[in-house]
Amino acid sequence: MATKVLRVDVRPPVSPRARALLGRADALLSASVGAADAAEMFLECYMAALRGAAAVLEATPIAATRARSRSAWVLMAKAAPVLDSWAEYFAGFSATRAAVQAGLCRSIDENDTDEFYREVGRFLQVVEEYIGADSRLDRQEVRPHSMSA
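At position 135 of the sequence shown (counting the first as 1) the number is 290 in our numbering, and the numbers step up by one without a gap.
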């Protein structure tokens, strides 16, 4: 009698901390809709994206070289190369975020902020798929739309 072997792809358990970070990211993105102005909305969206990056880092096995950079975007690109285009996209807004937080940039275009909000939402969906899937599987890569920083 021949033995049949069934191949079943099993997803690894999702880290509770990664899930919590993603939940916080979703909450920040939702809260950004009620922001007083475009600059505040931009900051809340950016913080949501950072929480998404933190979820990726939490769900990815720790690499010995991870501690060399403090940039979440650099760390995410190294830990999850499939997300490098997202890391590059958000890194392009780091200087804007710093300027807004320092009070040096007072006017941010509302249309650009609305587009940034949509891109953060797309990114968080990609993160949700990423942390819920085995990192050894091929994934369809979803890249950010071009938008200048």
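Every residue, glycine too, gets a C-beta built ideally from N, C-alpha and C.
| query | result |
| --- | --- |
| Neighbourhood of R174 by C-beta, 8 Å cutoff - its chain only, sequence neighbours within 5 removed | A210, I286 |
| Simplified DSSP state of C260, which is helix, strand or coil | coil |
| 8 Å contact criterion, which E195 and A186 should meet: CB distance rounded | Wrong, their Cβ atoms sit about 10 Å apart, outside the cutoff. |
| Assigned exposure category for L259 - 16 Cβ within 10 Å defines buried | exposed |
| Assigned exposure category for R252 - 16 Cβ within 10 Å defines buried | buried |
| Test item: CB-CB of G276 and L184 under 8 Å | yes |
| Within 8 Å, strictly: CB atoms of E284 and L177 | no |
| Where V281 sits in the DSSP three-state scheme | helix |
| Beta-carbon proximity check, F278 vs W241, cutoff 8 Å | yes |
| Distance CB(A234)-CB(L212) smaller than 8 Å | yes |
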